[in-house]
Every structure is written in C-alpha cells, then in structure tokens.
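Asker:
Numbering (the working numbering), first residue to last: 23 to 271.
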C-alpha cells in the first residue's frame, strides 16, 4: 500500500505570500516558494484579464480595478517569512528570465548564481528550481545537474491528468494543476477519494499568490482556504514540500 502526498509551490516571492503562508500554517500545509535573488524589493503590477494576467510597470489610471500588486519582498522580509518550518525555498532564476534560448553562460548566471545566492541567504543548500513560464533547454538542465539540483518544476497542462502518479523524468517534474484551474476543486476531491493501492500518489498544486487578489470564484483567499481545508480534513494525506516529495523518486 502506498502513501498519499500533498504539496504546493508558489512563484515570485510577492507580498501576498505573507497571508498565504499564514493560511498554510492554519491547515498544516507544506510547500515550496520559488524566488529570484536578483529581484528582491522590486515593485510592479499585474494586469488581470479574467483569470489570466500580464505584467505591467505601472497602473492604467483609467482601469485601476484591473490591477493587483506584484511587489516582491525585500531580502530581509523574505528571510524572515520563508524561514518557516512548513516552507522550502527553491530557485526561480536570478532575474526571472525565459530560459528557452539560454547559452551555457546565461544559464550559469541565471540559475547557478541564483541557487548560490539563495543557499547563502537561507543557510541551507537549495536543490529545487521552477522554470519561469515553464521554459528551459539543455544548457539549463546541464547547469541544474552540475548545481546539485534534485528537481526542476515545469508547468501543468490545462487539462486534468489521467491519474495521480508522480510525474518525474530525471530532474523534470510536472505538477498536477494550478490552484485556480477551473477543475481544481473537483480534481482535488477525486484525489482525496482515491486510495494509494499499488504505490505512492501525489497532488502538486502550484501558482502565484498574487492571483489570490483577483477575488474571483476560482482565484481568491477564500478558495485556497477551502482547498486547504479539504486536505486537512483527510486522515491519509502527508503534507510535504516539493523537495521532500521529489527526493523520494
């Protein structure tokens, strides 16, 4: 008989993580926060279009209701917040650049230096990475291997997975779904109802905490708390960080 694992990962290190981590603590949820060491303290905005978003350097004063803050925590605030027993820190690239066309030198600068900087800041070896926008190439993977990475997270499909097996191919891991996928609640309930008969199964939920400021039916603090309460109410779920999960496979 296998075990059932639940983990979350959230990208960018924005101020909304403060409230999110307090909700995680309330329900015993563990997870990973993917940070960019070159962007601490940067302030920008996200323009929301439905449940999708685009980055913006400033607010269009004619439509301020369409924007949410994308304020990345300062280095001291990040150190305080993410030094939490329920939290693992992973790399998200020094400057959060798309990595599809990286040379070896660019991959070193963007990934290895980020891992080094975060490891020094938090006093522990960072062994995980999340690809910005799911982008990577072989140069990126080579640098990750040489840096001692254990896993590197892609992005999920827009469709529900066929099952809850752990999808890990070398370093590459594929999460189950975004927290604000239209089918997230139903899929999570299916996971809770599924016994781990022949091996371990897992549910890996990911996203960005600034999306919780959208205040929509599927993307809000109330919604994420509802999902976490479902997990906390189950007796057979082991909550883990991404690293704790993927080091098993």
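Ideal Cβ positions, reconstructed from N, Cα and C, are used throughout, including at glycine.
By Cβ distance, which residues of its chain are closer than 7 angstroms to residue 115, with the 5 residues on each side in sequence left out?
Answerer: What you label residue 115 is simply residue 93 of the chain shown in a count that begins at 1. Cβ within range, chain order: 58, 121, 132, 133, 136, 154.
Asker: Quick one: what's got a C-beta closer than 6 angstroms to residue 232's C-beta in the same chain, skipping five residues either side?
Answerer: The residue you call residue 232 lines up with position 210 of the chain shown. Same-chain partners within the cutoff: 36, 38, 68, 90, 92.
Asker: Short of 7 angstroms in beta carbon distance, which residues of its chain neighbour residue 119, apart from the five on each side in sequence? Order them along the chain.
Answerer: Taking the chain shown and counting its residues from 1, the one referred to as residue 119 is at position 97. Cβ within range, chain order: 132, 154.
Asker: For residue 119, which of helix, strand or coil comes out of DSSP?
Answerer: Sequence index remark: in the chain shown, residue 119 carries index 97 (1-based). Looking at residue 119 - three-state DSSP - the assignment turns out to be coil, as it is neither helix nor strand.
Asker: In terms of residues, what are the limits of the alpha helix (DSSP H) holding residue 7?
Answerer: In the structure displayed, the chain extends from 23 to 271; residue 7 sits before or after that span and is not available.
Asker: My output table needs one value for residue 259: the three-state DSSP class, helix, strand or coil.
Answerer: In the chain shown, residue 259 corresponds to position 237, counting from 1. If DSSP states are grouped into helix, strand and coil, residue 259 belongs with the strands.
Asker: Looking at residue 33: is its Cβ nearer than 7 angstroms to the Cβ of residue 230?
Answerer: Within the chain shown, residue 33 is the residue found at index 11, counting from 1. Within the chain shown, residue 230 is the residue found at index 208, counting from 1. Yes, Cβ-Cβ distance for residue 33 and residue 230 is below 7 angstroms.
Asker: Are the beta-carbon atoms of residue 117 and residue 60 separated by less than 7 angstroms?
Answerer: Here the question's residue 117 lines up with position 95 in the chain shown. Here the question's residue 60 lines up with position 38 in the chain shown. Contact: yes.
Asker: Quick one: any contact between the region 44–55 and the region 235–242, if contact means 3 or more CB pairs under 8 angstroms?
Answerer: No: fewer than three Cβ pairs fall under 8 angstroms.
Asker: With a threshold of 16 other CB atoms inside 10 Å of the CB of residue 75, please say whether the residue is buried or exposed.
Answerer: Translated into positions along the chain shown, residue 75 becomes position 53. Buried.
Asker: I need the DSSP call for residue 48, collapsed to helix, strand or coil.
Answerer: Residue numbering aside, residue 48 sits at position 26 when the chain shown is read from its first letter. Looking at residue 48 - three-state DSSP - the assignment turns out to be helix.
Asker: Could you tell me which of 28, 27, 51 sits nearest to residue 247, measuring between CA atoms?
Answerer: Position 225 of the chain shown holds residue 247. For the residues 28, 27, 51, the minimum Cα distance to residue 247 belongs to 51.
Asker: How is the beta strand (DSSP E) around residue 223 delimited, first residue to last?
Answerer: Position 201 of the chain shown, counting from 1, holds the residue named residue 223. Here the beta strand (DSSP E) through residue 223 covers 223–229.
Asker: Taking the alpha carbon of residue 202 as the reference point, which residue from 179, 184, 186, 125 has its own alpha carbon closest?
Answerer: As a position in the chain shown, residue 202 is number 180, starting the count at 1. Ranking the options by Cα distance to residue 202, first place goes to 179.
Asker: The beta strand (DSSP E) with residue 56 in it runs from where to where?
Answerer: Counting from 1 along the chain shown, the entry for residue 56 is found at position 34. 53–57 is the span of the beta strand (DSSP E), which, as asked, contains residue 56.
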